[in-house]
Amino acid sequence: MLGLDFSQNVSSLNASALTGTFGLSKVIFLTSFAYLLTVVSGASYASGSTASSEFLGLKIYNFQPAYALTGGLLLGIAAAVRMYLRGDVLGVSGIVGGIVKGKSSELSRWAFLLGLLVGGVILKSVYPSALGSMQVSELRLIIAGLAVGIGSTMGNGCTSGHGICGNSRLSPRSLAYTLTFMAAGFATASIFHSTAAVKAHFPAPVDLPSTWQLAFIVLILHGSLYAMVVSLGQAMGIEKELLREFVSFVDGSLFAFGLGISGMTNPANVVSFLDVSQGTWNPTLMFVMGGAILVTAPFMLGFIKNGTLKKPVLSLKFELPTRVNLDTRLILGGVIFGFGWGYAGMCPGPALVNVSNPQAASIIFNAAMFVGFSLGEPIAKTLGL
Numbered sequence: 000m001l002g003l004d005f006s007q008n009v010s011s012l013n014a015s016a017l018t019g020t021f022g023l024s025k026v027i028f029l030t031s032f033a034y035l036l037t038v039v040s041g042a043s044y045a046s047g048s049t050a051s052s053e054f055l056g057l058k059i060y061n062f063q064p065a066y067a068l069t070g071g072l073l074l075g076i077a078a079a080v081r082m083y084l085r086g087d088v089l090g091v092s093g094i095v096g097g098i099v100k101g102k103s104s105e106l107s108r109w110a111f112l113l114g115l116l117v118g119g120v121i122l123k124s125v126y127p128s129a130l131g132s133m134q135v136s137e138l139r140l141i142i143a144g145l146a147v148g149i150g151s152t153m154g155n156g157c158t159s160g161h162g163i164c165g166n167s168r169l170s171p172r173s174l175a176y177t178l179t180f181m182a183a184g185f186a187t188a189s190i191f192h193s194t195a196a197v198k199a200h201f202p203a204p205v206d207l208p209s210t211w212q213l214a215f216i217v218l219i220l221h222g223s224l225y226a227m228v229v230s231l232g233q234a235m236g237i238e239k240e241l242l243r244e245f246v247s248f249v250d251g252s253l254f255a256f257g258l259g260i261s262g263m264t265n266p267a268n269v270v271s272f273l274d275v276s277q278g279t280w281n282p283t284l285m286f287v288m289g290g291a292i293l294v295t296a297p298f299m300l301g302f303i304k305n306g307t308l309k310k311p312v313l314s315l316k317f318e319l320p321t322r323v324n325l326d327t328r329l330i331l332g333g334v335i336f337g338f339g340w341g342y343a344g345m346c347p348g349p350a351l352v353n354v355s356n357p358q359a360a361s362i363i364f365n366a367a368m369f370v371g372f373s374l375g376e377p378i379a380k381t382l383g384l
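0 is the number of the first residue of the sequence shown in numbering that gives the first Met the number 0; add one for each residue after it.
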């Protein structure tokens with residue numbers, strides 16, 4: 000259905016062989032296979048709450064890694080396919096934040112944002128547990144949104160750009176930023192008791208077999224869209240720039256599904272991971288980034304970093320960050336971003352998907368976050384960073 004051609008000799012695989020429908024189908028097939036293997040291996044953890052377990056003296060509760068793994072794998076596939084087709088990083092804060100940082104004329108940014116929102120709307124219908132209501136004080140939302148926007152701008156990334164894509168290519172800056180925002184998030188959530196302050200009412204998770212079935216359908220449908228955009232677009236002579244914008248829309252939609260299925264759209268899940276002040280811990284969200292990196296790391300290291308792929312399908316070259324130095328701006332950005340993340344349990348991607356279920360909390364946070372996006376650079380310059 001996706002145009003797989005197993006007659007091609009894998010040993011002779013080169014960039015030209017990967018620039019058509021065969022190459023895209025191969026990526027989709029391999030990532031689908033990884034998806035199936037991983038969700039099956041995660042089934043043994045699917046029983047839900049394990050309140051009797053402990054780790055470092057913390058009581059483990061509501062531990063549901065199979066959902067996180069499933070969603071994380073979809074996130075990783077979206078990031079890998081974007082790199083393969085467009086050649087750039089799937090970093091939500093960088094893509095969407097650019098809209099208020101002088102790059103509003105770039106349609107691909109709007110296409111990605113629209114994809115996130117459309118994906119969220121569909122999620123609300125087909126996977127109700129992905130979206131719900133939140134009760135968080137307005138002041139907390141404003142402070143957190145500003146911090147997330149400022150921090151991600153100063154640090155040039157968030158949980159997706161650095162946490163998934165950067166760590167997958169073994170970037171020292173991404174590793175440093177991730178460790179920093181994680182530490183800041185744990186400290187903030189625990190000091191300010193975010194579990195008590197961030198209340199969310201989301202429907203109970205859909206049963207795992209149904210979740211896996213939905214995720215596989217989502218993967219096949221989005222994979223077909225990717226293949227159709229590339230094959231039909233090139234056959235009809237559509238300009239590659241327009242095709243890249245269509246790809247960006249599909250990226251956003253697939254990413255929204257990954258966030259919703261993983262549980263990242265529920266801020267209560269996030270703060271239960273970060274807030275250990277009550278002697279309890281929900282480690283589920285470790286498996287979101289882990290599931291994503293399970294896909295993106297082999298792709299980045301096996302095809303991009305070693306030069307197997309010379310260029311993306313729809314662009315002239317791969318656009319990868321080249322800086323490796325660790326500086327004050329990066330670390331301070333990680334601290335500020337981590338503070339905002341731990342204070343309200345939301346980061347750019349999940350916050351934007353939540354707009355698909357309009358409510359005061361998500362609107363306030365996103366408005367503050369966009370203000371933060373626009374303030375990040377002036378603040379950095381004021382500080383001499």
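A virtual CB, placed ideally from N, CA and C, is assigned to each residue, including glycine.
- Just so you know, the alpha carbons of P266 and H200 end up roughly 10 Å apart.
- It is roughly 7 Å from the alpha-carbon of V197 to the alpha-carbon of M133.
- The residues G75, A78, A79, I163, C164, S167, in chain order, have a CB closer than 7 Å to that of T295 in the same chain once the five nearest residues on each side in sequence are set aside.
- A contact between stretches requires three or more CB pairs, one per stretch, nearer than 8 Å, and the segment 178-186 meets this requirement with the segment 319-339.
- G160 and L284 have their C-alpha atoms some 17 Å from each other.
- DSSP places K380 inside the alpha helix (DSSP H), whose first and last residues are 359-381.
- When the alpha-carbon of Y60 is set against those of V229, A234, N268, the nearest one is in N268.
- In chain order, G56, L57, K58 place their CB closer than 8 Å to the CB of G278, counting only its own chain and leaving out the 5 sequence neighbours on each side.
- DSSP places H161 outside any beta strand (DSSP E), giving it a letter other than H or E.
- Residue environment analysis places L122 among the buried positions, since at least 16 neighbouring C-beta atoms fall within 10 angstroms of its C-beta.
- Pairing K100 with E238, the inter-Cα distance amounts to about 26 Å.
- Rounded to the nearest whole angstrom, the C-alpha separation of H221 and G383 is 44 Å.
- Residues of the same chain with a CB within less than 7 Å of the CB of C157, apart from the 5 flanking positions on each side, are G90, V91, S92, S151, F336, C346, P347 in chain order.
- The continuous beta strand (DSSP E) containing K198 extends over residues 198-200.
- In terms of Cα proximity to Y83, the closest of L300, T321, S361, R172 is L300.
- Here D87 is buried: its Cβ has 16 or more other Cβ atoms, across all protein chains shown, within 10 Å.
- A straight-line Cα-Cα distance of about 25 Å links V95 and T187.
- Ranking I219, W280, Y126 by CA distance to the CA of V205 puts Y126 first.
- In the structure shown, K239 adopts helical secondary structure according to DSSP, grouped into three states.
- Here G236 is not near Q63, since their CB atoms are 9 Å or more apart.
- Sorting L73, G375, G232, L115 by C-alpha distance to the C-alpha of S247 places L115 at the top.
- According to the DSSP assignment, I190 belongs to the alpha helix (DSSP H) that extends over 171-190.
- Measuring C-alpha to C-alpha distances from T381 to each of V334, R328, G344 identifies R328 as the nearest.
- Beta-bridge partners of Q134 (DSSP): K198.
- With 16 or more other CB atoms across the displayed protein chains lying within 10 angstroms of its CB, T194 is buried.
- Beta-bridge partners assigned by DSSP to K58: E53, T279.
- Exclusion of the five residues before and after G344 leaves V197, P266, V269, V270 as the residues of its chain whose Cβ lies within less than 6 Å of its Cβ.
- Rounded to whole angstroms, the separation of the alpha carbons of G289 and S223 is 25 Å.
- Exposed is the label assigned to V323, since fewer than 16 other Cβ atoms lie within 10 Å of its Cβ.
- The closest CA to that of V354, considering only T210, G148, V370, L130, is found on L130.
- In the displayed model, M288 falls within a helix according to three-state DSSP.
- Rounded to whole angstroms, G184 and L169 show a C-alpha spacing of 22 Å.
- Close CB contacts of F54 within its chain, under the 8 Å cut and outside five residues either way in sequence, are with W280, P282 (chain order).
- Classified as buried, A175 has 16 or more neighbouring CB atoms from the shown chains inside 10 Å of its CB.
- When secondary structure is reduced to three states using DSSP, Q212 falls in the helix class.
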